[in-house]
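What follows is one structure encoded as structure tokens, with my remarks underneath.
Residue numbers (the working numbering): 6 to 185.
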């Protein structure tokens with residue numbers, strides 16, 4: 006079972022939050038606000054925050070800019086993971102992934118099923134890695150962002166979480182680039 010190993014010290018992650026929306030602004034970005042409140046409440050640092058329109062190229066460009074920034078360990082996007090024609094966040098994420106974390110979407114679906122039942126099938130939440138940075142595409146509802154954080158990401162971004170967590174393998178994400 007999962008547990009917190011109190012003998013280990015907490016290590017703060019530097020997390021960027023990107024809201025994908027044609028209609029949201031900084032004044033009414035409830036999902037972005039939810040993620041910022043949660044990550045800061047857990048002791049992590051907000052590395053950057055932005056809003057971008059539902060445009061695959063624009064989303065991918067912002068992801069690449071933050072991946073290239075050594076002050077960003079994690080990118081969380083909210084919005085654009087549904088099934089409509091404007092929902093292109095997942096495609097933008099997959100354009101930049103070097104590796105996909107397939108189990109993230111599966112675990113998110115399990116968590117969502119407990120909260121919203123079969124409506125969970127309409128989410129395409131996903132996670133991956135690129136350039137030594139973790140990326141997660143979350144739905145655009147504050148509730149879904151809260152569920153993803155509270156039930157999955159809070160624990161995986163805590164170095165003390167056992168048996169394993171994303172923090173302890175962060176330095177190894179780019180091993181393939183160092184091989185000769």
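Glycine included, every Cβ here is placed at the ideal spot set by N, Cα and C. All values derive from a computational prediction rather than experimental measurement.
Requested in this report: Between the Cα of residue 77 and those of 150, 36, 137, 146, spot the shortest distance and give me the residue it belongs to.
Outcome: 137
Query raised in the report: Does the stretch 158-177 come within contact of the stretch 116-129, defined as at least 3 CB pairs closer than 8 Å?
Result: no
**Report entry** Segment contact, 8 Å Cβ cut-off, at least three pairs: the stretch 92-102 with the stretch 64-72
**Finding:** yes
Query raised in the report: Taking the continuous beta strand (DSSP E) assigned at residue 114, which residues delimit it?
Result: Looking at the DSSP string, residue 114 is not in any beta strand (DSSP E); the run it does join, the alpha helix (DSSP H), is 107-121.
Query raised in the report: Can you tell me whether residue 89 is buried or exposed, with buried defined as 16 or more other CB within 10 angstroms of its CB?
Result: Exposed, since its Cβ has fewer than 16 Cβ neighbours within 10 Å.
**Report entry** The beta strand (DSSP E) enclosing residue 141, as first and last residue numbers
**Finding:** 138-143
Query raised in the report: Any idea what DSSP makes of residue 46, helix, strand or coil?
Result: Per DSSP, reduced to three states, the secondary structure at residue 46 is helical.
Query raised in the report: Are residue 56 and residue 31 close, meaning C-beta to C-beta below 8 Å?
Result: Yes, the pair counts as a contact, with Cβ atoms nearer than the cut-off.
Query - Under 8 Å between C-beta atoms of residue 103 and residue 79 - result: no
Report task. Would you mind listing the beta strand (DSSP E) stretches within the stretch 62-106 that are 3+ residues and don't spill past its ends, in chain order? Result -> 79-83
Requested in this report: Pick out whichever of 84, 53, 26 has its Cα sitting closest to the Cα of residue 73.
Outcome: When only C-alpha atoms are compared, the closest one is 53.
**Report entry** Own chain, CB closer than 6 Å to residue 50, minus 5 neighbours either side, in chain order
**Finding:** 17, 19
Query raised in the report: Buried or exposed: which applies to residue 169, given that a residue is buried once 16 or more other Cβ atoms fall within 10 Å of its Cβ?
Result: exposed
Query raised in the report: Distance, Cα to Cα, residue 174 vs residue 160?
Result: 14 Å
Query - Top-ranked residue by Cα proximity to residue 71, from 41, 140, 179, 146 - result: 140
Query - Range covered by the alpha helix (DSSP H) that runs through residue 149 - result: 147-153
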